[in-house]
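Peer 1: Take a look at the following structure, please.
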Amino acid sequence: TSAAAALADRPDAAREALNEAWAGLQAKALDAQILSAKYAEDTGSIAYRYTWHLPKDRSWTYDGQLNMIREEGRWQVRWTATGLHPRLGENQTLALRADAPPRASVNERSGTTVLVPGYRYGFALDAKAAGEQLMPTARAVADALRPFDNTLDPQRLAEQASSTAGPLNLVTLRQADRDAVAGAIGTLPGVVITPQPEMVSTDEHFAPALIDEVKKTVSDELDGAPGWRVVTVNQNGVDVDVLNEVPGTPAPSITISLDRAVQNAAQNAVDFTGKQAMIVVIKPSTGEILAVAQNGAADREGPLATMGLYPPGSTFKIVTAGAAIERDMATPNTLLGCPGHLDIGHRTVPNYGGFDLGTVPMSRAFASSCNTTFAELASRMPPRGLTQAASQYGIGPDYKIAGLSTVSGSVPPTVNLTERTEDGFGQGKVLVSPFGMALAAATVAAGHTPVPRLIAGRETEISGDRQQIPAGVVDNLRPMMRLVVTNGTAKDLQGAGDVRGKTGEAEFAGGSHSWFTGYRGDMAFSALIVGGGSSEYAVRMLKGMLDSLPPDYQA
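The opening residue of the sequence shown carries number 1 in full-length UniProt numbering; numbering runs sequentially from there.
Following this line, the structure appears as structure tokens:
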């Protein structure tokens, strides 16, 4: 800059202007090119092209004109601010401004947004700014914010704010809550409200826990390329004009597999019961997770739909029946006993209410949910028989799904005859999550266990034993599961389309869980009401979801 300034008629002014611009632009280099020159006696002009090289491989090129004078035989630049840029005024300089990168949205599978760039609002109390009004302000703040933090006490607030060097942070609120609270306390002395950029949900009721986990997973992938501007700045540091602007480039939007229609239908269905209730829906052809719905009672305990483990009851007869078919122990038409009670080892196994069908085809025993039939079949299987069979349906392996924490279930091998007998009808030591049972239903529908996934482009990591289910097994299971609806324990689902599945009532100390697991078209699902009692309640809940969707939805 010193060498360039020496060419000016006011070298000190030129040097100062060049140095300020260099610093303001954070310049790495400046290329100057003469495009043309005109001279007439002692005056002239030079058309120039400047290219500034700026941080992060940015460059800025523009043309201008320098006025020349000749004094004592020496040509010099007649220095003015336009020597730096044609639009630069006197007592102004140049500066580089960075613009925050635009953030991408997160969409559900049909394209509607579930997360968009927005703000949360931090509320704080500044004792110094409040001054003599600290105590009245503290009382008003405690009253206004008590719905969001019922521990706030005016006296303690005032004391804590007084002993804090800066503002005392209180709560962070979403936009709607901020608007309501700011109207009451926003103008009080000492109240500080700070907007904090954050991805916010477009619907607070749309799978809130899952969407929050997705947000944490993809937050680093949502920032696009930042934009930048070159501005003129006056002597007071105020931006005056924009000379060049390059807008930021947003990152590609991210898509998750949740289906808004299915999720909303499932959510409405689980919200009808006060007990912990949940529904998981998976697309068998792709493994995409279409819905994870829990009601408020379940939400208070965490992600029960995907992480909660429960005895599956008679829904596990899908696995037991499949194992019997694979081991050539029975076919759907094989006649098997379904007595009201059956003694195996040291255990007396009862049917629900002690019903006795005598000798019936296995398909009828399955549709009517004969505990005694499947207990007897399981008793003749080897210690690892049901463990290996369950893995064919996706139960047992661990799935590391981006954006979703899951556990499929546990079917430990057992040499104990009584335990193996109980495992055969979903009691014993068998534990499965609603996610795991939905995966089992998806396996029957697809003919193989699909790889569950949530975020498009993110692969799921699987560990643990995964065995392929034989085609002949699912070919036999499908009509048996249809019979459950047409002539069995899930008759309430008649009229809801080609639904195939299995009911379950799983006993535990003090009650029983209500289950239904099945599929319709390209939707596999599992519904659970914790402590819900008879399976008919899970069936009705699932029917509520299906009735909210077109009959051919995801057919």
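Heads up, the beta-carbon is just placed ideally off N, CA and C, and yes, glycines get one too. The structure displayed is predicted, hence computed values, not measured ones.
Would you grab the beta carbon distance between leucine 404 and threonine 306 for me? Rounded to a whole angstrom, and I think it's under 8 angstroms.
Peer 2: What you label residue 404 is simply residue 404 of the sequence shown in a count that begins at 1. What you label residue 306 is simply residue 306 of the sequence shown in a count that begins at 1. Correct: roughly 6 angstroms between the Cβ atoms.
Peer 1: Tell me the residue span of the alpha helix (DSSP H) that contains glutamine 537.
Peer 2: What you label residue 537 is simply residue 537 of the sequence shown in a count that begins at 1. The amino acid occupying residue 537 in the given sequence is tyrosine; glutamine does not appear at that position. Unbroken alpha helix (DSSP H) run through tyrosine 537: 535 to 547.
Peer 1: Which value, in whole angstroms, describes the spacing of the CA atoms of alanine 446 and proline 452?
Peer 2: One-based indexing of the sequence shown puts residue 446 at position 446. One-based indexing of the sequence shown puts residue 452 at position 452. For alanine 446 and proline 452, the distance between alpha carbons rounds to 13 angstroms.
Peer 1: If you draw a straight line from the alpha carbon of valine 270 to that of valine 231, how long is it in whole angstroms?
Peer 2: Sequence index remark: in the sequence shown, residue 270 carries index 270 (1-based). Sequence index remark: in the sequence shown, residue 231 carries index 231 (1-based). So the alpha carbons of these two residues sit roughly 56 angstroms apart.
Peer 1: For lysine 317 versus phenylalanine 355, is the C-beta distance shorter than 9 angstroms?
Peer 2: Numbered from its first residue, the sequence shown carries residue 317 at position 317. Numbered from its first residue, the sequence shown carries residue 355 at position 355. Cβ atoms of lysine 317 and phenylalanine 355: not closer than 9 angstroms.
Peer 1: Just curious, the alpha helix (DSSP H) that isoleucine 469 is in, first and last residue?
Peer 2: By 1-based counting over the sequence shown, the position of residue 469 is 469. Note, isoleucine 469: premise wrong, no alpha helix (DSSP H); not H, not E.
Peer 1: Of all the options Tyr537, Ala144, Gly394, Thr112, which has the alpha carbon lying nearest to the alpha carbon of glycine 504?
Peer 2: Locating residue 504 in the sequence shown gives position 504, counting from the first residue. Out of Tyr537, Ala144, Gly394, Thr112, Tyr537 has the C-alpha closest to the C-alpha of glycine 504.
Peer 1: Spatial neighbours of alanine 37 within its chain, please: C-beta separation below 6 angstroms, excluding the five flanking residues on both sides.
Peer 2: Looking up residue 37 in the sequence shown gives position 37. Closer than 6 angstroms at Cβ, skipping near neighbours: Ile46.
Peer 1: How big is the Cα-Cα spacing for threonine 421 and arginine 500?
Peer 2: By 1-based counting over the sequence shown, the position of residue 421 is 421. By 1-based counting over the sequence shown, the position of residue 500 is 500. Looking at the two C-alpha atoms, the distance is approximately 25 angstroms.
Peer 1: Would you list the one or two residues that DSSP bridges to tryptophan 60?
Peer 2: To locate residue 60, count along the sequence shown from 1; it is residue 60. In DSSP, tryptophan 60 forms a bridge with Trp52.
Peer 1: Quick one: residues in its chain with C-beta nearer than 6 angstroms to the C-beta of glycine 531, no 5 flanking neighbours on either side, listed in chain order?
Peer 2: The residue labelled residue 531 in the question sits at position 531 within the sequence shown. The answer, listed in chain order, is Lys275, Gly511.
Peer 1: Pull the bridge partners of histidine 513 from the DSSP assignment, please.
Peer 2: For the purposes of this step, residue 513 is taken as the residue at position 513 of the sequence shown. Beta-bridge pairing links histidine 513 to Ala506.
Peer 1: Is threonine 93 helix, strand or coil by DSSP?
Peer 2: In the sequence shown, residue 93 corresponds to position 93, counting from 1. Threonine 93 falls in the strand class under three-state DSSP.
Peer 1: Going by DSSP, name the residue or residues bridged to proline 361.
Peer 2: Translated into positions along the sequence shown, residue 361 becomes position 361. Proline 361 is bridged to Leu335.
Peer 1: Based on DSSP bridge pairs, tell me the residues matched to valine 444.
Peer 2: Start at 1 with the first residue of the sequence shown, and residue 444 comes out as number 444. Answer is none; valine 444 lacks a bridge partner.
Peer 1: Phenylalanine 516 to cysteine 370, Cα distance in whole Å?
Peer 2: For the purposes of this step, residue 516 is taken as residue 516 along the sequence shown, with counting starting at 1. For the purposes of this step, residue 370 is taken as residue 370 along the sequence shown, with counting starting at 1. Cα to Cα, the separation comes out at about 16 angstroms.
Peer 1: Opposite leucine 431 in the DSSP bridges: which residues?
Peer 2: Within the sequence shown, the letter at position 431 stands for residue 431. Per DSSP, Ser410.
Peer 1: Assuming valine 539 contacts alanine 506 under a Cβ cut-off of 8 angstroms, what Cβ separation, rounded to an integer in Å, is found between them?
Peer 2: Translated into the one-based positions of the sequence shown, residue 539 becomes position 539. Translated into the one-based positions of the sequence shown, residue 506 becomes position 506. With 8 angstroms as the limit, valine 539 and alanine 506 do not qualify as a contact, their Cβ atoms being about 14 angstroms apart.
Peer 1: For serine 338 and lysine 543, I'd like the C-alpha separation in whole angstroms.
Peer 2: The count along the sequence shown starts at 1 and reaches residue 338 at position 338. The count along the sequence shown starts at 1 and reaches residue 543 at position 543. Reading the sequence as shown, one finds cysteine at residue 338 and not serine. One C-alpha to the other measures close to 29 angstroms.
Peer 1: Could you give the first and the last residue of the continuous alpha helix (DSSP H) run that contains aspartate 239?
Peer 2: Numbered from its first residue, the sequence shown carries residue 239 at position 239. First-last for aspartate 239: 239 to 246, but that is the beta strand (DSSP E), not the alpha helix (DSSP H).
Peer 1: What residue does the beta strand (DSSP E) around asparagine 169 start on, and which one ends it?
Peer 2: Residue mapping note: residue 169 aligns to position 169 of the sequence shown, counting from 1. Counting along the chain, the beta strand (DSSP E) containing asparagine 169 begins and ends at 168 to 173.
Peer 1: Can you tell which of Met68, Asp57, Trp60, Glu213 has the C-alpha that lies nearest to the C-alpha of alanine 40?
Peer 2: Position 40 of the sequence shown holds residue 40. For alanine 40, the nearest C-alpha among the options comes from Met68.
Peer 1: In angstroms with no decimal places, state the Cα-to-Cα distance between glutamine 65 and glutamate 20.
Peer 2: Along the sequence shown, one-based indexing puts residue 65 at 65. Along the sequence shown, one-based indexing puts residue 20 at 20. Cα to Cα, the separation comes out at about 20 angstroms.
Peer 1: So is threonine 414 buried or exposed if we call it buried at 16+ other beta carbons inside 10 Å?
Peer 2: What you label residue 414 is simply residue 414 of the sequence shown in a count that begins at 1. Label assigned to threonine 414: buried.
Peer 1: Give the straight-line distance between the Cα atoms of aspartate 42 and tryptophan 52, rounded to the nearest whole angstrom.
Peer 2: Reading the sequence shown from its first residue, position 42 is the one you call residue 42. Reading the sequence shown from its first residue, position 52 is the one you call residue 52. If I take the Cα positions, the gap works out to 31 angstroms.
Peer 1: Compare the C-alpha of valine 116 against each of Val214, Val349, Pro247 and name the closest.
Peer 2: As a position in the sequence shown, residue 116 is number 116, starting the count at 1. Of the candidates Val214, Val349, Pro247, the one whose C-alpha sits nearest the C-alpha of valine 116 is Val214.
Peer 1: Which value, in whole angstroms, describes the spacing of the CA atoms of alanine 184 and serine 433?
Peer 2: The residue labelled residue 184 in the question sits at position 184 within the sequence shown. The residue labelled residue 433 in the question sits at position 433 within the sequence shown. Cα-Cα distance, rounded: 46 angstroms.
Peer 1: Would you check if there are 3 or more beta carbon pairs closer than 8 angstroms linking the region 335 to 351 to the region 293 to 308?
Peer 2: The region 335 to 351 vs the region 293 to 308: no contact.
Peer 1: If you draw a straight line from the alpha carbon of leucine 523 to that of glycine 227, how long is it in whole angstroms?
Peer 2: Your numbering for residue 523 matches position 523 in the sequence shown. Your numbering for residue 227 matches position 227 in the sequence shown. The identity of residue 523 in the sequence shown is methionine, whereas the question assumes leucine. Whole-angstrom Cα-Cα distance: 43 angstroms.
Peer 1: Starting from proline 147, trace the beta strand (DSSP E) both ways and give me its first and last residue.
Peer 2: Within the sequence shown, the letter at position 147 stands for residue 147. Unbroken run through proline 147: none, as it is neither H nor E.
Peer 1: With a threshold of 16 other CB atoms inside 10 Å of the CB of glycine 457, please say whether the residue is buried or exposed.
Peer 2: Against the sequence shown, residue 457 aligns to sequence position 457. Result: exposed.
Peer 1: Is it the case that the Cβ atoms of aspartate 548 and alanine 265 are separated by a distance below 9 angstroms?
Peer 2: Against the sequence shown, residue 548 aligns to sequence position 548. Against the sequence shown, residue 265 aligns to sequence position 265. The displayed chain sequence assigns serine, not aspartate, to residue 548. Taking 9 angstroms as the Cβ cut-off, serine 548 and alanine 265 qualify as a contacting pair.
Peer 1: Let me make sure I understand the geometry here. Which of Val141, Met362, Arg139 has the alpha-carbon closest to that of aspartate 328?
Peer 2: Within the sequence shown, the letter at position 328 stands for residue 328. Residue Met362 is the option with its Cα nearest to aspartate 328.
Peer 1: Can you tell which of Trp60, Asp398, Glu419 has its C-alpha closest to the C-alpha of isoleucine 462?
Peer 2: Here residue 462 is taken as the residue at index 462 of the sequence shown, counted from 1. Isoleucine 462 has its Cα closest to that of Asp398, out of Trp60, Asp398, Glu419.
Peer 1: Please report how far the alpha carbon of serine 2 lies from the alpha carbon of arginine 15, in whole angstroms.
Peer 2: Looking up residue 2 in the sequence shown gives position 2. Looking up residue 15 in the sequence shown gives position 15. Their backbone Cα atoms lie some 6 angstroms apart in a straight line.
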